[in-house]
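In my numbering, the protein residues as written are 287 to 350.
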């Protein structure tokens with residue numbers, strides 16, 4: 287699946303949701319993720335401004 291196809295899928299998932307429904311859907315997605323690797327919980331990966339402690343790390347793989 288291409289990145290454009292993934293983006294289109296996400297746009298469909300969130301289309302027409304009000305803000306409460308949007309955040310509920312985001313939280314549901316998060317509940318289904320595997321645990322975040324402890325070695326990536328660094329100050330550089332922390333998302334500032336979130337109500338909860340949130341970390342985000344991105345990697346790029348060629349061809350995906």
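We put the beta carbon where it would ideally sit given N, CA and C, even for glycine.
Asked, Found
"Alpha-carbon spacing of residue 341 relative to residue 296, whole angstroms", "21 Å"
"Identity of the residue in 336, 308 and 326 nearest residue 345 by Cα", "326"
"Contacts around residue 331, its chain only, beta-carbon distance under 7 Å, and the 5 residues preceding and following it disregarded", "341, 342 and 343"
"Nearest-angstrom Cβ-Cβ length linking residue 311 and residue 300, presumed shorter than 8 Å", "7 Å"
"Residue 347 versus residue 306 - alpha carbon distance", "34 Å"
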